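In terms of numbering that gives the first Met the number 0, the sequence shown opens at residue 0 and continues consecutively.
Just so it is clear, CB atoms sit at the ideal spot from N, CA and C, and this is done for glycine as well.
This one's a predicted model, so the numbers in the text were calculated from it and none came from an experiment.
Report on the structure given below.
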Amino acid sequence: MWNSPKVGILGGGQLGRMLVESANRLNIQANILDADNSPAKQISAHDGHVTGSFKEPDAVRKLAETCDVITAEIEHVDTYALEEIASKVRVEPSWQAIRTIQNKFNQKEHLRKYGIPMADHRELVNNTPEELAQIGEQLGYPMMLKSKTMAYDGRGNFRVNSKEDIPEALEALKDRPLYSEKWAYFKMELAVMVIKTKDDVLSYPTVETVQEDSICKLVYAPARNVPDAINQQAQALARKAVSAFEGKGAFGVEMFLLEDNSLMLCELASRIHNSGHWTIEGCALSQFDSHIRAILDLPIPPKSLELLQPSIMLNIIGGATPDSHLKATQAALSIPNASIHLYSKGAAKPGRKMGHVTVTAATMHEAETMIQPLVDVVDTMRA
Ligand code: ATP
Ligand code: MG
Ligand code: MG
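See the structure below:
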């Protein structure tokens, strides 16, 4: 066995928790920086955890003292603290990658240099109605006004349908650094998980993602009715985009498939990603297994990233009542081939990701048929 490396993880939410599940199976100690009793800490009993936030430099320093390599389950971390500790401990992916990626506008400016196709966009400098109106003239309507930073689950996006929406859009995103994006008329949203290792850039099959209210609801692996050529092109585009950044580990790449079958990057994340949860049941190595292996330079046989069986992942999201997600979970118990993952986050709030369910089957049609009753239950519980 190797020399028991210790992995430090910034953030102990559901992604950190699933990383711990993978680390545990390899006897690798994962030290979590987050609040006590965070989902990841609940399944990891040792005294190496740090209490605090990934936004506090002191807490990040403290974590670094006890680890061989530091990684993050979220991109909204203090990259200045990461820059400082990088002289003493390995940080994967690099703090430079996380810093560029956590600002969606800087991420796109960077990727533009590598010829990655994406929606035309403009930076706002003053956040005034006049400035946005001028941008609207250039990009046309509708356009998507976006916060450059701290964006997730669509919180940070505002669809501007016409000039009349401008005051409301600026009010909704006030005090945030902004840019605006030309509307992407996509027929489908695709995503690819990319694994960057010390000498390779690997990818999982292309999946189809369905967002509802800008939150990921369903993931179909592989993407339905998408020819293999597009599946391969999407993987190639995702690998090319991730190659533009330094460091090892999993990266989630979101894309739009346009009417003419061309692909456009939506955004990428420097971490394990909701669009890759299906890999836990759908592949020999999950995105979490691969991330742990990549940051520790352990072998990843590329064949282990291939799809074993068609898979569908459904997010269990906090609904109208505090126990909606538990009712949905109860319904999942009776679905054949359904793997249930609850995150043990405590109280549900509308829109909060509380768990997910993955169904695998011999064919996509069969998987769709099996999961449909659960989709119906989830739909009736929407907030
Ligand atoms: P995430 O939770 O994935 O980090 P986010 O808050 O960073 O989300 P985006 O991924 O930029 O937000 O956008 C969320 C969703 O909004 C996209 O998945 C897509 O459905 C829609 N969207 C984003 N940009 C555009 C666009 N330019 N044109 C049309 N729809 C868009
Ligand atoms: Mg995002
Ligand atoms: Mg997104």
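Close Cβ partners of P116 (< 8 Å) along its chain, the five nearest in sequence each way excluded: For the purposes of this step, residue 116 is identified with residue 117 of the sequence shown, where counting begins at 1. Closer than 8 Å at Cβ, skipping near neighbours: L236, S261, L262, M263 and L264.
Under 7 Å from any heavy atom of ligand 1, does the C-beta of R154 make it? Position 155 of the sequence shown, counting from 1, holds the residue named residue 154. At least one heavy atom of ligand 1 is nearer than 7 Å to the Cβ of R154, so yes.
For the beta strand (DSSP E) containing M312, list its first residue and its last residue. Taking the sequence shown and counting its residues from 1, one reaches residue 312 at position 313. Residues S310 to I316.
Classify N102: buried if its beta carbon has 16 or more other beta carbons within 10 angstroms, exposed otherwise. Position 103 of the sequence shown, counted from the start, is the residue given in the question as residue 102. Buried: at least 16 other Cβ atoms inside 10 Å.
Given a cut-off of 8 Å on the beta-carbon distance, is the pair G153 and D67 in contact? By one-based count along the sequence shown, residue 153 stands at place 154. By one-based count along the sequence shown, residue 67 stands at place 68. Taking 8 Å as the Cβ cut-off, G153 and D67 do not qualify as a contacting pair.
Does DSSP put F250 in a helix, a strand or coil? Numbered from 1 along the sequence shown, position 251 holds the residue referred to as residue 250. Strand.
What is the rounded straight-line gap between the Cα of E20 and the Cα of I69? By one-based count along the sequence shown, residue 20 stands at place 21. By one-based count along the sequence shown, residue 69 stands at place 70. So the alpha carbons of these two residues sit roughly 17 Å apart.
When the distance is taken between beta carbons, is G248 closer than 8 Å to P92? Start at 1 with the first residue of the sequence shown, and residue 92 comes out as number 93. Start at 1 with the first residue of the sequence shown, and residue 248 comes out as number 249. Yes, the pair counts as a contact, with Cβ atoms nearer than the cut-off.
Could you spell out where the beta strand (DSSP E) holding L189 opens and where it closes? Mapped onto the sequence shown, residue 189 falls at position 190. Where L189 is concerned, the enclosing beta strand (DSSP E) stretches over F185 to K195.
Three or more C-beta pairs closer than 8 Å, one from the segment 136-143 and one from the segment 158-170: is that the case here? Enough Cβ pairs lie closer than 8 Å, so yes.
Go ahead and label A168 buried or exposed: buried means 16 or more other beta carbons lie within 10 angstroms of its beta carbon, across all protein chains shown. Within the sequence shown, residue 168 is the residue found at index 169, counting from 1. Result: buried.
Determine the extent of the alpha helix (DSSP H) in which D227 is found, giving its start and end residues. Taking the sequence shown and counting its residues from 1, one reaches residue 227 at position 228. Taken as a continuous stretch (DSSP letters only), the alpha helix (DSSP H) holding D227 covers D227 to S242.
Identify, in the order they occur along the chain, each residue of the same chain with its Cβ nearer than 6 Å to the Cβ of T208, setting aside the five sequence neighbours on each side. Locating residue 208 in the sequence shown gives position 209, where the first residue counts as 1. Excluding residues within five positions, the ones whose Cβ falls inside 6 Å are E188, A190, C215, V218 and S274.
Unbroken stretches of the beta strand (DSSP E), 3 residues or longer, contained in the segment 134-170: 142-146 and 156-159
Does the beta-carbon distance from H272 to G251 come in below 8 Å? For the purposes of this step, residue 272 is taken as the residue at position 273 of the sequence shown. For the purposes of this step, residue 251 is taken as the residue at position 252 of the sequence shown. Yes.
Within a Cβ cutoff of 8 Å, which residues of the same chain sit near S179, ignoring the five residues on either side of it in sequence? Residue 179 sits at position 180 when you count from the first residue of the sequence shown. These residues qualify, in order along the chain: H120, R121, L123, L131, I134, G135, L138, M142, M143, L144, K145 and V159.
Quick check: I311 and T357, are their CB atoms within less than 8 Å of each other? Here the question's residue 311 lines up with position 312 in the sequence shown. Here the question's residue 357 lines up with position 358 in the sequence shown. Taking 8 Å as the Cβ cut-off, I311 and T357 qualify as a contacting pair.
List the whole-angstrom C-beta distance separating T205 from Q234, where the pair is believed to meet the contact cut-off of C-beta under 8 Å. Along the sequence shown, one-based indexing puts residue 205 at 206. Along the sequence shown, one-based indexing puts residue 234 at 235. Confirmed, Cβ separation roughly 6 Å.
With contact counted as at least three CB pairs below 8 Å, one residue from each stretch, are the segment 338-353 and the segment 289-306 in contact? no
What are the boundary residues of the beta strand (DSSP E) that includes T208? Reading the sequence shown from its first residue, position 209 is the one you call residue 208. T208 -> beta strand (DSSP E) spans V206 to E211.
If you measure from the CB of S179, is any heavy atom of ligand 1 nearer than 7 Å? The sequence position of residue 179 within the sequence shown is 180, counting from 1. No, ligand 1 has no heavy atom inside 7 Å of this Cβ.
Tell me, please, whether the segment 327-347 touches the segment 356-371 by the rule of three or more beta-carbon pairs shorter than 8 Å. yes
8 Å contact criterion, which D33 and G10 should meet: CB distance rounded: Translated into positions along the sequence shown, residue 33 becomes position 34. Translated into positions along the sequence shown, residue 10 becomes position 11. Contact flag correct, Cβ pair sits at about 6 Å.
Using only CA atoms, which one of P221, D164 and A96 lies nearest to A366? Residue 366 sits at position 367 when you count from the first residue of the sequence shown. The option with the nearest alpha carbon to A366 is P221.
Under 8 Å, do I291 and V88 count as touching if we go by C-beta distance? In the sequence shown, residue 291 corresponds to position 292, counting from 1. In the sequence shown, residue 88 corresponds to position 89, counting from 1. No. Outside cutoff.
Output the distance between the C-alpha atoms of I370 and V376, rounded to the nearest integer angstrom. Here the question's residue 370 lines up with position 371 in the sequence shown. Here the question's residue 376 lines up with position 377 in the sequence shown. One C-alpha to the other measures close to 10 Å.
Contact shell at 7 Å, judged by CB to any heavy atom of ligand 3, ordered along the chain: E253, C265 and E266
Under DSSP, the alpha helix (DSSP H) around G15 begins and ends at which residues? The residue labelled residue 15 in the question sits at position 16 within the sequence shown. Start and end: Q13 to R24.
Considering only C-alpha positions, which residue in the set T65, G345, Y342 and Q329 is nearest to P372? One-based indexing of the sequence shown puts residue 372 at position 373. With distances taken between CA atoms, P372 lies nearest to Q329 out of T65, G345, Y342 and Q329.
Please determine, among I31, R381, A243 and S323, the residue with the shortest C-alpha to C-alpha distance to T65. As a working note, residue 65 is residue 66 in the sequence shown. The shortest Cα separation from T65 among I31, R381, A243 and S323 belongs to I31.
Any heavy atom of ligand 4 closer than 7 Å to the CB of Y151? By its list of ligands, the structure shown excludes ligand 4, since it contains just ligand 1, ligand 2 and ligand 3.
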